Amino acid sequence: MAIGIKYISQIEARAILEGLRLVWDKSFRQVELESDNALLIE
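For what it's worth, our numbering labels the leading residue of the sequence shown as 356, then goes sequentially.
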């Protein structure tokens, strides 16, 4: 079973979104985000 790049990018995007929601809910307003997926960062 092969997992496509699009599917992996969707999983990574969801993880980033959930992380940003978590820090926003905890009242953090300055966050540094690092990722090795250039498509998501642009």
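Cβ coordinates follow ideal geometry from the N, Cα and C atoms, glycine included.
Values in this document were obtained by computation on a predicted structure and should not be read as measured data.
In the structure shown, Arg384 falls within a coil segment according to DSSP collapsed to helix, strand and coil. In the three-state scheme derived from DSSP, where H, G and I count as helix and E and B as strand, Gly359 is classed as coil.
Between Glu373 and the set Ala393, Tyr362, Lys361, Leu388, the nearest pair of CA atoms involves Leu388. For a cut-off of 8 Å, the C-beta gap from Leu395 to Ile371 is around 6 Å, short enough to register as a contact. As the crow flies, the alpha-carbon of Arg376 is around 24 Å from that of Ile360.
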